[in-house]
Amino acid sequence: MKTLVLGIGNPILSDDGVGMRVAMELKSRLGKGYFEVKWASIEGLSTLDEIAGYERLILIDSIKTGKGKPGDVCKLSLRDLNFASHLSSSHGVDFATAVELGKRVGYKIPEIIEIYAIEVEDNTTFGECCTKKVETRLPEIVDEIMEVIKCA
Numbered sequence: 001m002k003t004l005v006l007g008i009g010n011p012i013l014s015d016d017g018v019g020m021r022v023a024m025e026l027k028s029r030l031g032k033g034y035f036e037v038k039w040a041s042i043e044g045l046s047t048l049d050e051i052a053g054y055e056r057l058i059l060i061d062s063i064k065t066g067k068g069k070p071g072d073v074c075k076l077s078l079r080d081l082n083f084a085s086h087l088s089s090s091h092g093v094d095f096a097t098a099v100e101l102g103k104r105v106g107y108k109i110p111e112i113i114e115i116y117a118i119e120v121e122d123n124t125t126f127g128e129c130c131t132k133k134v135e136t137r138l139p140e141i142v143d144e145i146m147e148v149i150k151c152a
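According to our numbering, numbering within the sequence shown proceeds without interruption in unit steps and concludes at 152.
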């Protein structure tokens with residue numbers, strides 16, 4: 001099954017870049033082969049070109065609900081996306097709508113879409129590093145997502 005692991009975020013907004021950081025680490029661990037691993041600072045309709053042509057998509061992004069601890073990983077469905085920072089957009093089309101539009105206009109959208117949202121502490125402060133709470137959990141986050149990816 002042709003699988004894309006896509007980490008999204010903004011690498012200059014502290015914890016907001018955690019999805020990209022996780023994807024980078026996963027790429028070094030997974031190497032070449034069964035999975036293609038990418039990271040990008042995109043949202044909405046821009047994601048269609050990245051995900052088209054794959055059978056399975058594993059999307060990794062930050063989320064700030066205030067309900068979990070920084071570094072907690074939550075698996076979401078397309079219906080849950082109103083809280084995810086890049087998967088729900090105030091500037092355009094959210095990810096779930098983009099997927100639906102993509103299907104309607106003929107994009108080959110993945111049949112399987114798994115979304116992993118990482119609870120963050122600060123996704124608004126300019127900085128290229130994650131907060132200490134998220135940074136400390138980064139190896140565990142990567143291990144957790146790696147385990148899920150390998151088991152599926």
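Beta carbons: idealized from backbone N, C-alpha and C, even for Gly.
1. Need the endpoints of the alpha helix (DSSP H) that Ser46 sits in, please.
2. CA-CA distance, Asp72 and Val18?
3. In the structure shown, what three-state DSSP assignment does Gly31 receive?
4. Quick one: what's got a C-beta closer than 6 Å to Lys38's C-beta in the same chain, skipping five residues either side?
5. Mapping the DSSP letters down to three states, classify Ser14 as helix, strand or coil.
6. Kindly indicate which three-state DSSP category Val142 falls into: helix, strand or coil?
7. Taking the alpha-carbon positions, what's the Glu36 to Thr3 distance?
8. Taking just the CA atoms, how far does Ser14 sit from Thr125?
9. What residues match up with Lys38 in a beta bridge as DSSP calls it?
10. Quick one: measure Cβ to Cβ for Leu26 and Glu114, integer angstroms, because I've assumed they're closer than 8 Å.
11. Can you find a CB in chain B that lies within less than 9 Å of the CB of Ile63?
12. What does a CB cutoff of less than 7 Å around Asn123 pick up in its chain, not counting 5 residues either side in sequence?
13. Taking the straight line between their C-alpha atoms, what separation do you get for Tyr34 and Met1?
14. Can you list, in chain order, the residues of its chain whose CB lies under 7 Å from that of Ala98, leaving out five sequence neighbours each side?
15. Over what stretch of residues does the beta strand (DSSP E) that includes Glu114 continue unbroken?
Let me lay it out:
1. Against the sequence shown, residue 46 aligns to sequence position 46. First-last of the alpha helix (DSSP H) with Ser46: Ser46 to Ile51.
2. Here residue 72 corresponds to residue number 72 of the sequence shown, with the count starting at 1. Here residue 18 corresponds to residue number 18 of the sequence shown, with the count starting at 1. Whole-angstrom Cα-Cα distance: 12 Å.
3. Within the sequence shown, the letter at position 31 stands for residue 31. DSSP places Gly31 in coil when its eight states are reduced to three.
4. Translated into positions along the sequence shown, residue 38 becomes position 38. Apart from sequence neighbours up to five positions away, the residues of its chain that approach Lys38 with a beta-carbon distance below 6 Å are Leu6, ordered along the chain.
5. Position 14 of the sequence shown, counted from the first residue, corresponds to residue 14. Looking at Ser14 - three-state DSSP - the assignment turns out to be helix.
6. On the sequence shown, position 142 is the one that residue 142 refers to. Looking at Val142 - three-state DSSP - the assignment turns out to be helix.
7. Here residue 36 refers to the residue found at position 36 when the sequence shown is read from its first residue. Here residue 3 refers to the residue found at position 3 when the sequence shown is read from its first residue. Distance between the alpha carbons of Glu36 and Thr3 is about 6 Å.
8. On the sequence shown, residue 125 is found 125 positions in, with the first residue counted as 1. On the sequence shown, residue 14 is found 14 positions in, with the first residue counted as 1. Rounded to whole angstroms, Thr125 to Ser14 spans 6 Å at the Cα level.
9. For the purposes of this step, residue 38 is taken as the residue at position 38 of the sequence shown. Under DSSP, Lys38 takes part in a beta bridge, and its partners are Leu6.
10. As a working note, residue 26 is residue 26 in the sequence shown. As a working note, residue 114 is residue 114 in the sequence shown. Rounded, the Cβ-Cβ distance is 13 Å, inconsistent with contact.
11. Checking the listed chains, one finds no chain B in this structure; it contains a single protein chain.
12. Here residue 123 is taken as the residue at index 123 of the sequence shown, counted from 1. Leu13, Ser14, Asp15, Asp16, Ser62, Lys64 and Ser85, listed in sequence order.
13. Position 34 of the sequence shown holds residue 34. Position 1 of the sequence shown holds residue 1. Tyr34 and Met1 have their C-alpha atoms some 8 Å from each other.
14. Here residue 98 is taken as the residue at index 98 of the sequence shown, counted from 1. For Ala98, same chain residues with a beta-carbon under 7 Å away, outside a window of 5 residues either side, are Gly44, Leu45, Thr47 and Leu48 in chain order.
15. Residue mapping note: residue 114 aligns to position 114 of the sequence shown, counting from 1. Taken as a continuous stretch (DSSP letters only), the beta strand (DSSP E) holding Glu114 covers Ile112 to Glu119.
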